[in-house]
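Here's the structure we're looking at; comments come further down.
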Amino acid sequence: MRLNDTLSGWLMLILGLTIVACALTFPPMPGQNIGPALFPQIIGGGLAFCGVALVRSGRRAGGPAWVEMDDWVGRPRMVFNFALVVGALVFYALAVDTLGFFITGFVFLAGLFFSFGVRRRWIAPVAAAVTLALHFGFYTLLRVPLPWGWLERFAW
Amino acid sequence: MMQHVLEAFRLVCDPLVLGVVLGSALFGLFVGAMPGLTATMAVALLVPVTFNLPPLPAIAAMVTATAMAIFAGDIPGALLRIPGTPASAAYCDEAYAMTRNGEAETMLGAGLVFSAIGGLFGTVVLVTTAPALAEVALKFSSFEYFWLVTLGLTCAVFIAPGRPLKGLASLLIGLLIATVGFENPAAYPRFTFGSDELMSGFQLTPVMIGMFAVSEVIRYAVTRDVPLEVPKQGIGRIFRGQGALLRKYPLAALRGSALGTVVGALPGAGADIAAWISYGLSKRFSKTPEKYGTGHVEGVIEAGSANNSALSAAWIPALVFGVPGDSITAIVIGVLYLKGMNPGPTIFIENPQNIYAVFIIFFLANLLMLPLGWMAIKAAKNVLRVPRNVLMPVILLFCVVGAFAINNSIFDVGVMLAFGLLAWFMEANRFPIAPTILGLVLGGMLEQNFVTSMIKADGAPGAFFGRPIAGTLGVATLLVWLSPLALRWRRGRRAARADKVARVS
Numbered sequence: 700m701r702l703n704d705t706l707s708g709w710l711m712l713i714l715g716l717t718i719v720a721c722a723l724t725f726p727p728m729p730g731q732n733i734g735p736a737l738f739p740q741i742i743g744g745g746l747a748f749c750g751v752a753l754v755r756s757g758r759r760a761g762g763p764a765w766v767e768m769d770d771w772v773g774r775p776r777m778v779f780n781f782a783l784v785v786g787a788l789v790f791y792a793l794a795v796d797t798l799g800f801f802i803t804g805f806v807f808l809a810g811l812f813f814s815f816g817v818r819r820r821w822i823a824p825v826a827a828a829v830t831l832a833l834h835f836g837f838y839t840l841l842r843v844p845l846p847w848g849w850l851e852r853f854a855w
Numbered sequence: 006m007m008q009h010v011l012e013a014f015r016l017v018c019d020p021l022v023l024g025v026v027l028g029s030a031l032f033g034l035f036v037g038a039m040p041g042l043t044a045t046m047a048v049a050l051l052v053p054v055t056f057n058l059p060p061l062p063a064i065a066a067m068v069t070a071t072a073m074a075i076f077a078g079d080i081p082g083a084l085l086r087i088p089g090t091p092a093s094a095a096y097c098d099e100a101y102a103m104t105r106n107g108e109a110e111t112m113l114g115a116g117l118v119f120s121a122i123g124g125l126f127g128t129v130v131l132v133t134t135a136p137a138l139a140e141v142a143l144k145f146s147s148f149e150y151f152w153l154v155t156l157g158l159t160c161a162v163f164i165a166p167g168r169p170l171k172g173l174a175s176l177l178i179g180l181l182i183a184t185v186g187f188e189n190p191a192a193y194p195r196f197t198f199g200s201d202e203l204m205s206g207f208q209l210t211p212v213m214i215g216m217f218a219v220s221e222v223i224r225y226a227v228t229r230d231v232p233l234e235v236p237k238q239g240i241g242r243i244f245r246g247q248g249a250l251l252r253k254y255p256l257a258a259l260r261g262s263a264l265g266t267v268v269g270a271l272p273g274a275g276a277d278i279a280a281w282i283s284y285g286l287s288k289r290f291s292k293t294p295e296k297y298g299t300g301h302v303e304g305v306i307e308a309g310s311a312n313n314s315a316l317s318a319a320w321i322p323a324l325v326f327g328v329p330g331d332s333i334t335a336i337v338i339g340v341l342y343l344k345g346m347n348p349g350p351t352i353f354i355e356n357p358q359n360i361y362a363v364f365i366i367f368f369l370a371n372l373l374m375l376p377l378g379w380m381a382i383k384a385a386k387n388v389l390r391v392p393r394n395v396l397m398p399v400i401l402l403f404c405v406v407g408a409f410a411i412n413n414s415i416f417d418v419g420v421m422l423a424f425g426l427l428a429w430f431m432e433a434n435r436f437p438i439a440p441t442i443l444g445l446v447l448g449g450m451l452e453q454n455f456v457t458s459m460i461k462a463d464g465a466p467g468a469f470f471g472r473p474i475a476g477t478l479g480v481a482t483l484l485v486w487l488s489p490l491a492l493r494w495r496r497g498r499r500a501a502r503a504d505k506v507a508r509v510s
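Residue numbers (my numbering), protein chains in the order written: chain A, 700 to 855; chain B, 6 to 510.
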């Protein structure tokens, strides 16, 4: 997704001004002229400056569209893939504590394999093998406490 | 000194260290050779794996993996016309043209041999200059550090590909992210939105994994996966004729290595930019510029040694000042802090044996590159057959577990996703990523030194130029910032003059 420079400029200007406004509420450091607000104010001011400059150059260059979609947006398959990658990560974050790493990891991989077009009969075995291997590497070797969830009874 | 060097050799000869070097070398070769996986990604993925290792093997893994990955990026460039890492993009067409002329062996051999030469050159410069610079850096006060960081960030903005305006915006975004949390001179929690997790700011590792690995997976997901057409012909003796090439083009190898070293040591520019600049210069200074693009080895030699020397040289400012020379060392600096080897001049006094050991690892990695790289070239046809539709989901799950592993917190997985989307979006809109990373890593240091200096100076800005080195760095920084204005002014005057001449005639 490509934004017109004018639009990214406006967004940046709004962001910069919001930061400056937020920073105005920060308390000063006792006994000093400079406090925690100074740096965010400089950054916010800088972003606002970049925003204005981008709006100006965007206007000059002219551009037909505010938002130019990449060609993949026209292809439903690619939009689906994009949503799937983001969705898979959200799914993992929400589900892993309940379902446990094995089930979540397996579903995560199998779903992505399926939509990336991996051959059907390979999906389940590869997803299972990779989940097991990652669990061995991180849980057993590196001692990362990956959650067990529903499989708590079988924990090792 | 001698006993420190001996101690360093003893540290390196530890079987754990040697095993890690070998393992990360193979990992680096694989990542570098797979199109779509970068050397920076290799380091980001290594952070969680090396989390529980002692400092030296953890650093050794990153040194070795990146050196191998930057070389291995040449392999698919030559065989498929797809650079394995961005650092090989500059001469990818040239390399492929050589393959089509039936010179694949010479090309891959030159890529390997001159990568090693460049890497060794950069290492020699690192070993000789870093301790000397550290002596100077010991005398630095907050003023010098403030200007040094400012100059570094300035370089990052102006060297980054594309318009400086977008580079500046990227930098400010990085600095903004760095302000989150209460770790600032006033210890006031900023932009935490009441979240406990954000109190100590964004953790570097999930951010880096997001920006360098998740963003690549997203990019893969939205592009149609074209199966790689791996050429069927076998690869013969790659080392044949390399000695003759070295005798024929010693100047190209030297110039590439030297330029790569300088570009690498400058903050914000790494191996990829070094290769682009070097390839361009090579063409300009060559006796036979007309051969470039038709499968001429000279540019490959020069740019191929430049990207590897840049990789080593990026460690000079990283180790001596804690100012990263490229995105890779930005991650490494985070690891150094985690391991209690805080970068800065004192590291050369407190832990000299560790630093010497890191230097030895650099030599070892660049020498190991020759046999292992040879193996990688021989195995390339099979490695490139690894289907990416299997690889990418596996990498994504690896990212998730890796981001989780640092603090055992699901929150970090969310951070990783957010920064993955940010990096992907920025790249699509031609905002360079490197300035953001530098701003993120150096934001705290910049503010700390600025506030300390302001308190010392009692509000008088003249004090920032009061000491010789600080003054020089300060003036240099201001000159770089003013240069675009000066250029525009000159261009405007020239245009006005041309206009006048045109009207008179």
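In this text, a Cβ means the ideal position worked out from N, Cα and C, and glycines have one as well. None of the values given here were measured: they were computed from a predicted structure.
Nearest candidate by alpha-carbon position, reference residue 300(B), set 28(B), 31(B), 97(B): 97(B)
Compare the C-beta of residue 191(B) with all C-beta atoms of chain A and state if any pair is closer than 8 Å. yes
Looking at chain A, is there any beta carbon in it that lies within less than 8 Å of the beta carbon of residue 199(B)? no
With DSSP as the reference, please indicate the residues paired to residue 195(B) in a beta bridge. 186(B)
I want to verify the contact list: residues of chain A whose CB lies under 7 Å from the CB of residue 244(B), in sequence order. Result: empty, since nearest Cβ-Cβ is about 36 Å, beyond 7 Å.
Residue ranges of each alpha helix (DSSP H) run of no fewer than 4 residues wholly in the segment 766-819 of chain A, ordered along the chain? 775-798, 800-814
Along the alpha helix (DSSP H) that carries residue 17(B), what are the first and last residues, could you check? 7-17
Is residue 495(B) helix, strand or coil by DSSP? helix
Quick one: grab the DSSP three-state call for residue 168(B). coil
Chain A contact residues for residue 452(B), given Cβ-Cβ distances below 7 Å: 738
Cβ atoms of residue 283(B) and residue 258(B): under 8 Å apart, would you say? no
Using the beta-carbon count (16 or more within 10 Å), is residue 135(B) buried or exposed? buried
Interface residues of chain A around residue 43(B) at Cβ under 7 Å? Those do not exist, as residue 43(B) stays about 18 Å from chain A at its closest Cβ, beyond 7 Å.
Does any residue of chain A bring its CB to less than 8 Å from the CB of residue 174(B)? yes
Reduced DSSP category for residue 502(B) - H, G, I as helix; E, B as strand; rest coil: helix
Say whether the segment 441-457 of chain B touches the segment 141-156 of chain B, bearing in mind that this needs 3 or more beta-carbon pairs closer than 8 Å, one atom from each stretch. yes
Assign residue 431(B) to buried or exposed, taking buried as 16 or more other Cβ atoms, counted over all protein chains shown, within 10 Å of its Cβ. buried
Please name the residue, chosen from 493(B), 363(B), 183(B), that lies closest to residue 738(A) on a Cα-to-Cα basis. 183(B)
Taking only beta-carbon atoms, is residue 222(B) less than 8 Å away from chain A? yes
Is the distance from the Cβ of residue 123(B) to the Cβ of residue 349(B) below 8 Å? no
Using the beta-carbon count (16 or more within 10 Å), is residue 835(A) buried or exposed? exposed
Is residue 725(A) buried or exposed, if buried means 16 or more other CB atoms sit within 10 Å of its CB? buried
Per-residue DSSP class, three states only, for residue 701(A): strand
Flag this pair as touching only if the segment 730-746 of chain A and the segment 706-716 of chain A have three or more C-beta atom pairs under 8 Å; answer yes or no. yes
Would you say residue 212(B) lies against chain A (beta-carbon separation less than 8 Å)? no
Under 7 Å by beta carbon: chain B residues contacting residue 712(A): Neighbours of residue 712(A) on chain B: none; closest Cβ ~11 Å, over 7 Å.
Taking 8 Å as the threshold (beta carbon to beta carbon), is residue 835(A) in contact with chain B? no
I'd like to know if the segment 234-247 of chain B and the segment 353-366 of chain B are in contact, where contact means that at least 3 CB-CB pairs between them fall below 8 Å. no
I need the DSSP call for residue 849(A), collapsed to helix, strand or coil. helix
Looking only at its own chain, which residues have a Cβ that is under 7 Å from the Cβ of residue 390(B), when we skip the five neighbours before and after it? 235
Would residue 410(B) pass as a contact of residue 837(A) if the rule is Cβ separation under 8 Å? yes
Along chain B, which residues have their Cβ under 7 Å away from the Cβ of residue 804(A)? 402
Local Cβ density within 10 Å of residue 824(A), reported as buried at 16 or more and exposed below that: exposed
For residue 231(B), the three-state DSSP class (helix, strand or coil): coil
Could you have a look at residue 301(B) and say whether DSSP puts it in helix, strand or coil? coil
When you check each C-beta in the segment 723-756 of chain A against every C-beta of chain B, which residues fall closer than 7 Å? 725, 726, 728, 731, 732, 733, 734, 735, 738, 739, 742, 745, 746, 749, 752, 753
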